[in-house]
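**Q** Residue numbers (our numbering), protein chains in the order written: chain A, 2 to 555; chain B, 180 to 562. For each residue, glycine too, the CB sits at the ideal point set by N, CA and C. None of the values given here were measured: they were computed from a predicted structure.
1) Measuring straight from C-alpha to C-alpha, what distance separates residue 409 of chain A and residue 225 of chain A?
2) Chain B beta carbons: is any one of them nearer than 7 angstroms to that of residue 384 of chain A?
3) At the 7 angstroms Cβ level, is residue 274 of chain A part of the contact set with chain B, yes or no?
4) Going straight from the alpha carbon of residue 320 of chain B to that of residue 368 of chain A, what length do you get?
5) Between the segment 218–237 of chain B and the segment 301–317 of chain B, can you find at least three pairs of beta-carbon atoms closer than 8 angstroms?
6) Which of the residues in the segment 455–471 of chain A, read from start to end, lie with their CB under 9 angstroms from any CB of chain B?
7) Could you compute how far the alpha carbon of residue 209 of chain B sits from the alpha carbon of residue 380 of chain B?
8) If we require 4 or more residues per run, which alpha helix (DSSP H) segments fall completely within the segment 489–526 of chain A?
9) Mind checking residue 127 of chain B: buried by the 16 CB within 10 Å criterion, or exposed?
10) Let me see if you follow: with CB-CB separation under 7 angstroms, is residue 482 of chain B close to chain A or not?
11) List the endpoints of the continuous alpha helix (DSSP H) containing residue 402 of chain A.
12) Since residue 13 of chain A meets chain B, which of its residues come closer than 9 angstroms, beta carbon to beta carbon?
13) At what residue ranges does the segment 214–274 of chain B contain a whole run of the beta strand (DSSP E), taking only runs of 3 or more?
14) Give the list of continuous alpha helix (DSSP H) stretches no shorter than 4 residues that lie fully inside the segment 320–344 of chain A.
15) Going along the segment 368–401 of chain B in order, which residues come within less than 9 angstroms of chain A, judged by CB to CB distance?
16) Quick one: is residue 281 of chain B near chain A, going by C-beta distance under 7 angstroms?
17) Between A:429, A:145, A:414 and A:273, which has its C-alpha nearest residue 510 of chain A's C-alpha?
18) Could you tell me which whole alpha helix (DSSP H) segments of length 4 or greater appear in the segment 69–137 of chain A?
19) Just the Cα atoms here: how many angstroms apart are residue 204 of chain A and residue 261 of chain B?
20) Going along the segment 329–359 of chain B in order, which residues come within less than 9 angstroms of chain A, judged by CB to CB distance?
21) Counting contacts by CB-CB distance shorter than 7 angstroms, is residue 278 of chain B in contact with chain A?
22) What residue does the beta strand (DSSP E) around residue 542 of chain B start on, and which one ends it?
23) Which residue or residues does DSSP assign as beta-bridge partners of residue 530 of chain B?
24) Of all the CB atoms in chain B, is at least one closer than 7 angstroms to the CB of residue 349 of chain A?
25) How many angstroms separate the CA atom of residue 415 of chain A from the CA atom of residue 233 of chain A?
26) Examine the Cβ distances between the segment 194–210 of chain A and the segment 20–34 of chain A and report whether three or more of them are shorter than 8 angstroms.
27) Between which two residues does the beta strand (DSSP E) harbouring residue 205 of chain B extend?
28) Are residue 417 of chain B and residue 551 of chain B touching if we call contact CB-CB under 7 angstroms?
29) Using 10 angstroms around the beta-carbon of residue 251 of chain A, count the other beta-carbons present and answer buried if the total reaches 16, otherwise exposed.
30) Are there 16 or more other CB atoms within 10 angstroms of the CB of residue 533 of chain B, so buried, or fewer, so exposed?
31) Only counting the same chain, and skipping five residues up and downstream in sequence, which positions put a Cβ closer than 8 angstroms to that of residue 275 of chain A?
32) Is residue 511 of chain B close to chain A, meaning its C-beta is less than 7 angstroms from at least one C-beta of that chain?
33) Looking only at C-alpha atoms, which of A:115, A:402, A:247 and A:486 sits nearest to residue 413 of chain A?
34) Cβ closer than 8 angstroms: which chain B residues qualify as neighbours of residue 546 of chain A?
35) Sorted by chain position, which residues of the same chain lie with C-beta nearer than 6 angstroms to residue 462 of chain B's C-beta, five sequence neighbours on each side aside?
36) Counting only Cβ pairs nearer than 9 angstroms, list the residues of chain A close to residue 273 of chain B.
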């Protein structure tokens, strides 16, 4: 049987995503794998070295610990958002998206300002306990890494599990209760199995992000004792130019991450198949108001959570307006850092140009990732079967490969052609696009799935061909998701540091790079001024998205 | 058969475990209703007519043209979907004008066409609204206007009333019938609602398991089912399993758990066993006036007890007698459905009783049945 959905147009639409995936993802990955295979002997040497065995151990240790802390911190929030009704619930939900889009280097900067040895928490210590009390050392240790990772990832559990909890049908708990189950047993038998896939997704994503984390470990790790595979690959490639050892380590890291991603995908598929629900009920459970006792613990949870999210951001913005005349002078209000960033002075013009480059690269990434994801999502919407599954696996794979490794792969490939800054920039755009593609695809494919298959069929009956139907009917229906994907891609690219540090040509500095260098030069206030611009850029993009959404659905 | 009929010629298609094999002709200018249980292939047949699905084998002809391999946009087919499938980002008017625009009309002309069909469906007053602001019935009217605005050769309606409440469904049924008669368009409507099918169809096509079971005017399918599925799926039917058939010169005698029935050998072919006698509840009439008698005792019998003593009438026009026990009485507000059975496990009969007090469960009743309302159907006719 030949179906309408199996016409040629969707297959043609897949050509570009496939081509981009091969060039921008598969080719550099194969280059790293090939280089790694050539230096398998090196791998043996690396793994027999006590230092690298320690690096592997720390990588797993910090990722597991961070995942555990993030999930434990996220679950009460998920419960509060999904099952309870309280003032400020919407605000808490909105705030929980902030870490998703916050560039890691900004989070790092904010953490230094709040939890650093000379940060706000230690100011509080001096105020409470006196200047002679011992310093609170949060950062430059495993504790610092885990704290920063938890800040980044607890909203993941909060949102993913919270959304799943909110969408549980009313009928399942009623059925369990009517059959004699207590509320606890009803939760255990009727709800927990349905929440497990969401919990698995949140935990796996958190583990992957922490396993592949770069900026947090690089800056807050505090040195070689707490280095991870990702940071070691970067050091070997960027500073020691040891491609053999770098590729061997990259191979180990990518194999572990991709294997984990594969196991997760299989387990998730099985769990979801087991939970398939063909009941037509759509009635959801009503949220209860907080009881007095619950209000207390909700406050005890929400207040630190909100502070944890907001304090680093607020610290960046506030510090951009502060300064000291000398190292020991008191803090005063000043606009000198802003003037320095955008006016004359020592680093005149460099950060302003960095902002422009970041905008341009982010804009190009947004367009490329959104267009690619849209074409792929259209293919998935129109086709069924193994080709769609394979495509979705392929598009999900960049989640399991860090952009340091992609950047490294491009460096290996770049040795095959004459040196060219344009090629390096193209590789940088490709690496940013690959980082954004899995998210963009999920967003847009979800929107396509929301369109009744009868809608394009109706357009076809009216006389519109497949491309006209895509342009006139289907794209307008997913344009909000396309805009969201575009803004996410822009924010992701604007904050991307890993591949940029490896691939950017000598004179090409982006905002995260400039911030990273300023932190390295202890120019914290200047970094804050530039960081505030980055915050403004991301906030502005999301505010525009919000206004667009209101215009679309008033 | 007109050259403009919608013809499915030896259509075959396989979708996983489901297979469809259809030979059917739907008359030009008439409303054909495809009726059948869920999963029988009704909507797939509609998809084939619209071009959403192409068959593995066979030919689809519409308005005298072979359209089997034509893309939907190249056919002149209007479709009204179960979920309306309106374009949510367009106004009602733009939804209806979309088809004429796609078919080459200018903007003004397309809008004029849209207004014409919105007037026909009585939706012209809401032409500037978005679909999301309309009620279910209004959305369905817009969907109908959009399908008609391309002035198609064929109008397909896929369970268009299933999402509507009963009153709105009745109202829209009348509207669709009016518009179909006014425009004279060939229309095919898919439904699993028998009442809807019988009320609307000029031509009824009954499907089961991917095959066409019986086609014709609804009255013919109702009164002369050619197979057990048609007889039992369309309305309520009583069934008596045949125990034995005795073929005589001009007739054959059929022994059932409720008595022996005579069939005219000239008008009715004698089937092989296993076979079933089928008739409608309205075919039964209580033989005498035994209500007072059967209330005296549950064992009371208002006619001779021994069924073999029932002498079959040799004339097929003479009334035949059936004996059955009351199994269940279901009240419908002013009337009762009396469920009857015999000693034979597969026998099920229904009788509509108008009265305040129903017969007691367990008592035996004798009915007379009109010979012309009996259908003797072989089991192999079951599709």
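**A** On the basis of the coordinates in this document:
1) Distance between the alpha carbons of residue 409 of chain A and residue 225 of chain A is about 21 angstroms.
2) Nearest CB-CB separation between residue 384 of chain A and chain B: not below the 7 angstroms threshold.
3) No, residue 274 of chain A lies away from the interface with chain B (no Cβ there is under 7 angstroms from its Cβ).
4) Distance between the alpha carbons of residue 320 of chain B and residue 368 of chain A is about 40 angstroms.
5) Result no; under three Cβ-Cβ pairs closer than 8 angstroms.
6) Cβ contacts with chain B: 455, 456, 457, 458, 459, 460, 461, 462, 463, 464, 465, 466, 467, 469 and 470.
7) Distance between the alpha carbons of residue 209 of chain B and residue 380 of chain B: 8 angstroms.
8) Along the length of the segment 489–526 of chain A, whole alpha helix (DSSP H) runs at least 4 residues long occupy 499–504 and 512–521, reported in chain order.
9) This structure cannot speak to residue 127 of chain B, because chain B is shown only from 180 to 562.
10) Note on residue 482 of chain B: pLDDT 35, under 50, position unreliable in the model; the coordinate value appears next. Nearest CB-CB separation between residue 482 of chain B and chain A: not below the 7 angstroms threshold.
11) Annotation for residue 402 of chain A: no alpha helix (DSSP H) segment contains it, and DSSP assigns it neither H nor E.
12) Correct list: empty, because the minimum Cβ distance to chain B is about 15 angstroms.
13) Within the segment 214–274 of chain B, the complete beta strand (DSSP E) runs of at least 3 residues are 236–241 and 256–259.
14) Listed in chain order, they are 337–343.
15) For the segment 368–401 of chain B, which is checked against every Cβ of chain A, not one residue is closer than 9 angstroms.
16) At least one beta carbon of chain A lies nearer than 7 angstroms to the beta carbon of residue 281 of chain B.
17) Checked all of A:429, A:145, A:414 and A:273; the closest Cα to residue 510 of chain A is A:429.
18) If we require 4 residues or more, the alpha helix (DSSP H) runs fully inside the segment 69–137 of chain A come out as 90–96, 99–102, 105–116 and 121–130.
19) If I take the Cα positions, the gap works out to 41 angstroms.
20) Residues of the segment 329–359 of chain B with a C-beta atom less than 9 angstroms from some C-beta of chain A are 329, 331, 335 and 337, listed in chain order.
21) Yes, its Cβ sits closer than 7 angstroms to a Cβ of chain A.
22) Element bounds for residue 542 of chain B: n/a, residue is neither H nor E.
23) Residue 530 of chain B is bridged to B:517.
24) Only weak support is given to the placement of residue 349 of chain A: the predicted model assigns it a pLDDT of 48, under 50, and the value that follows is read from those uncertain coordinates. Contact of residue 349 of chain A with chain B is not assigned, every C-beta pair being separated by 7 angstroms or more.
25) One Cα belongs to residue 415 of chain A, the other to residue 233 of chain A, and the distance between them is close to 21 angstroms.
26) Contact fails between the segment 194–210 of chain A and the segment 20–34 of chain A, because fewer than three Cβ pairs, one in each stretch, are under 8 angstroms apart.
27) Residues 197–205.
28) Remark: C-beta atoms of residue 417 of chain B and residue 551 of chain B do not approach each other more closely than 7 angstroms.
29) Flag for residue 251 of chain A reads buried.
30) Burial check for residue 533 of chain B: the Cβ neighbour count within 10 Å stays below 16, so the residue is exposed.
31) So the qualifying residues of the chain are 194.
32) No, because no Cβ of chain A sits closer than 7 angstroms to the Cβ of residue 511 of chain B.
33) Among A:115, A:402, A:247 and A:486, the Cα nearest to that of residue 413 of chain A belongs to A:247.
34) Under the 8 angstroms cutoff, chain B gives no residues; its nearest Cβ is about 18 angstroms from residue 546 of chain A.
35) Result list for residue 462 of chain B: 548, 549 and 552, in chain order.
36) Those within 9 angstroms of residue 273 of chain B in chain A number zero; the least Cβ separation is about 11 angstroms.
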